[in-house]
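Numbering (our numbering), first residue to last: 937 to 1063. C-beta: ideal position from N, C-alpha, C; glycine also. Notes follow once the structure below has been shown.
What follows is the structure in structure tokens.
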């Protein structure tokens, strides 16, 4: 299931349900995407505004970076649940090697989200 296609209300209902996915990583990805959208709003309000010509180039660079972060967040929103579901399948299989591999895979999504969040934080502070 692609969480991106759900309404906010539908996503929230899934998040609060007894299902294990979506979970925290997916919620963080949505929050990151929202933060990126807010940064884009600031950039779009600034880039062509009179009196801000001196920062136009950096704002345009920020726009490109923010769009990349936003697209990565969209992908990671679903990847987090896929990775977690795979880890749960590995636990059910009781295959220690598979569990180890899937545990690493599932930890990489939050790590990637953390890195993207730090990038948007730097941009937001500059804005």
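Asked, Found
"Nearest to residue 1038 (by Cα), restricted to the options 1046, 1023, 945", "1023"
"Residue environment, residue 1017, which counts as buried when at least 16 other CB atoms sit within 10 Å", "buried"
"Contact the segment 945-957 vs the segment 967-982: 3+ CB pairs below 8 Å", "no"
"Where residue 1025 falls, given that 16 or more other Cβ within 10 Å makes a residue buried", "exposed"
"Rounded distance between the beta-carbons of residue 1055 and residue 1005, thought under 8 Å", "6 Å"
"Contacts around residue 1034, its chain only, beta-carbon distance under 7 Å, and the 5 residues preceding and following it disregarded", "1026"
"Extent of the continuous alpha helix (DSSP H) run through residue 1022", "992-1029"
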